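Below is one structure, written out as structure tokens; comments come after it.
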Amino acid sequence: MSSNSDEKPVEGAVSPGGEVEVLVHVGVLTKTDAKGIIYSFQKSLDTYYKDYQKCLELELSITPEQNQRLKKKIDWVILPIFLITVTLQSLDRSALNYANLLGLRRDLKLTGTQFSWLAGIVSIGYFLGEYPITYAIGRYPSQRIMSATIALWGLTVLLFPLCKTFQSAWWSGHMISGILGSLISVGFVGIDDKAPGPRKWQYLYYILGPVTIAWGVVVWFYLPDSPARAWFLSPEDRLLCVKRVSENHTGIKNKEFKADQAWATLRDPKLYLIVLAAVGGSFPAFVIQVFSTQIIHEMGFSETNALLLKIVEHVVAIVALASAAYINCKYQNSKLITATVGNVICIVAAALMGYLPTEMKWIRLVAFWCLGAHSISFVTGLLIVTSNMAGFTHKVIAHAITFMVICLSTLGAPFTVKQNEAPRFPTAMATLVTGWSLKFVAQVLLLIYLVRSNARRNKEYGPPDDAASREAGMQDMTEFQNKARRYVH
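Every position in the sequence shown, counted from 1, becomes a number in the numbering used here once 220 is added.
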């Protein structure tokens, strides 16, 4: 057999008795059986395939004790970094929500739909930045790209208070949310509007901007690009981590753009259902992110109480996520089921907010708090992409398409909150019900598709082969080429 890397495997090559024959072409695994090719030849392997091959050569295996030890090491470094990053990002995205209650609309003399444009324009920024960021992540160390974007958004937040008119604010709009945002904002409510110095809402940006920039520098130096490059692991532990990650069956990274994977992405039914669910969920979530404090205030609560009462929604979100995580860990393939429950809770809660009499403000407030359950289906949507899409080009394009569509769809979300419809905002509430209903339908259809696909694969190819599936993942194969894997749902 020639070792030329362009050589094609012989189709239908079967060992006596119909047993599976394994052919190796320069480290590339091809399997055939009586039904034909199961794995096609791959020219380009995962960036860390050599590390994976070394694991196989050394016959490294991970014991439960080693797995737990590695998990703790990784969790103690990676999770705090991502927790702080996501917290700052959430604060930056929701700042406009709190600034609105603290007088931004009045100070910038915003009229008509100008505040809605200010809230929505960030979606265009996301849309325009998605392609270059996606390209850069595929070419350069991802933690460097992440660090640079963190510092840049921190700079944008810091410069936002310099805006004195709608025209200048339009070019640097950013937002901020969460428990910390509410608590920080409460501290500024008591500032006298006539006092010299920055306005109430400007303090938010002057605090968050520098903190975010400083955190970008920390990420640059301390966040590793991959398990194989983790500074806090020994050489042996790094190899064990590569072996550990290979068990996801999705590979780690590949710097080559593959046209066949790009085409496979566009023909993937999962992508369109995921995008549909993302659009349905992001539209109402964006409304809540930008206008939640105003909605609570219009129920009849003071500015200070509106900021404090919003904290409960985030507590509900934390409890909902923790509960969903527990269920998903305890029961296999329960992710989309828990997401469906979260969608139903949000649909009912939004309907109560929009159609109950205004006198029932406490029931409407409790309904608002229940909207924190939308975090379940949001996180689940991200997990479904990462768990069920293999092939680096395939995954990157799927993420890019999903977020670009979300950006365009959320641009119109702020315009559903019409000031003349206060305090019930029926148009906005109808949008919330419609959006989460769409997400409910899309995720139910996705669940049906994944279950049926697994059943079909079991019938055609037999039980899943974990070893072969891990190998295919490290060869940067898509889930369509890797017939040995099964979808997670």
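All C-beta atoms in this analysis are idealised placements derived from N, C-alpha and C, irrespective of residue type, glycine included. Here the structure is a predicted model, which is why all the values come from computation and not from measurement.
On a CA-only basis, which of the options is nearest residue i? Give me that one, please.
{"i": "K659", "options": "Y423, L379, T432, I494", "result": "I494"}
{"i": "Y575", "options": "G601, V564, A642, S597", "result": "A642"}
{"i": "L425", "options": "Q552, A450, L379, I538", "result": "Looking at the sequence provided, one finds Tyr at residue 425 rather than Leu. Considering only alpha carbons, the answer is L379."}
{"i": "M609", "options": "P577, R487, V586, V535", "result": "R487"}
{"i": "L670", "options": "T647, W589, E699", "result": "E699"}
{"i": "M580", "options": "M697, I301, G520", "result": "G520"}
{"i": "V625", "options": "E350, Q639, F302", "result": "E350"}
{"i": "L665", "options": "Q639, A497, M649, L527", "result": "A497"}
{"i": "F452", "options": "S310, K293, Y423", "result": "K293"}
{"i": "Q422", "options": "R325, F588, A450", "result": "R325"}
{"i": "A450", "options": "K420, Q663, P430, D295", "result": "D295"}
{"i": "P300", "options": "N525, W435, F623, E533", "result": "W435"}
{"i": "L667", "options": "Q286, D327, T560, N678", "result": "T560"}
{"i": "L428", "options": "A662, S310, I357", "result": "S310"}
{"i": "V661", "options": "V499, A544, S543, A542", "result": "V499"}
{"i": "K420", "options": "P430, P381, T331", "result": "P381"}
{"i": "K638", "options": "D327, Q363, T331, S454", "result": "T331"}
{"i": "Q286", "options": "P430, I353, H709, S454", "result": "S454"}
{"i": "M697", "options": "V535, A479, I298", "result": "A479"}
Could you pull out every residue in the same chain whose Cβ sits closer than 7 Å to the Cβ of residue i, ignoring the five residues on either side in sequence?
{"i": "P432", "result": "Note on identity: in this sequence residue 432 is Thr, with Pro being the wrong assignment. Answer for T432: L308, D312, I370, W373, G374, V377, listed in chain order."}
{"i": "Y707", "result": "N608, L670, S673, N674"}
{"i": "T578", "result": "P643, R644"}
{"i": "R364", "result": "W440"}
{"i": "L290", "result": "D457, L460, C461, R464"}
Is residue i near residue j, with beta carbons less than 8 Å apart?
{"i": "T630", "j": "T600", "result": "no"}
{"i": "L443", "j": "M366", "result": "yes"}
{"i": "G345", "j": "P634", "result": "no"}
{"i": "S595", "j": "A537", "result": "yes"}
{"i": "N563", "j": "W656", "result": "yes"}
{"i": "A540", "j": "G592", "result": "yes"}
{"i": "G323", "j": "Q481", "result": "no"}
{"i": "P684", "j": "R705", "result": "yes"}
{"i": "F503", "j": "T651", "result": "yes"}
{"i": "T647", "j": "T636", "result": "yes"}
{"i": "L556", "j": "Q663", "result": "yes"}
Throw me the rounded Cβ distance for the residue i and residue j pair, which I believe falls under 8 Å.
{"i": "P361", "j": "D445", "result": "4 Å"}
{"i": "T305", "j": "V439", "result": "7 Å"}
{"i": "L529", "j": "L585", "result": "7 Å"}
{"i": "V653", "j": "I567", "result": "6 Å"}
{"i": "E533", "j": "F588", "result": "6 Å"}
What residues in its chain sit with their C-beta under 6 Å from that of residue i, if we drop five residues either side in the sequence?
{"i": "S343", "result": "C627, T630, L631"}
{"i": "F506", "result": "T630, A633"}
{"i": "I565", "result": "C590, A593"}
{"i": "S336", "result": "P634, F635"}
{"i": "A542", "result": "none"}
{"i": "A544", "result": "T558, I596"}
Among residues of its own chain, excluding the 5 on either side of residue i, which ones have a beta-carbon nearer than 8 Å to its beta-carbon?
{"i": "S522", "result": "none"}
{"i": "M649", "result": "A570, A571, M573, G574, Y575"}
{"i": "L321", "result": "S405, T513, Q514, H517, E523, A526, L527"}
{"i": "Q288", "result": "none"}
{"i": "I583", "result": "L572, L576"}
{"i": "L348", "result": "none"}
{"i": "I357", "result": "I365, V616"}
When every heavy atom of the ligand ATP is checked, does at least one fall within less than 7 Å of the C-beta of residue i?
{"i": "G520", "result": "Among the ligands in the structure shown, none appear at all, so the ligand ATP cannot be discussed."}
Taking contact to mean at least 3 C-beta pairs separated by less than 8 Å, is the region 494-513 in contact with the region 302-322? Yes, the region 494-513 touches the region 302-322.
Determine, using beta-carbon pairs with one atom in the region 604-623 and one in the region 571-590, whether at least three such pairs fall under 8 Å. no
Does the region 488-507 touch the region 614-632, meaning 3 or more C-beta pairs lie closer than 8 Å? yes
Between the region 479-486 and the region 537-553, do at least 3 Cβ pairs fall closer than 8 Å? no
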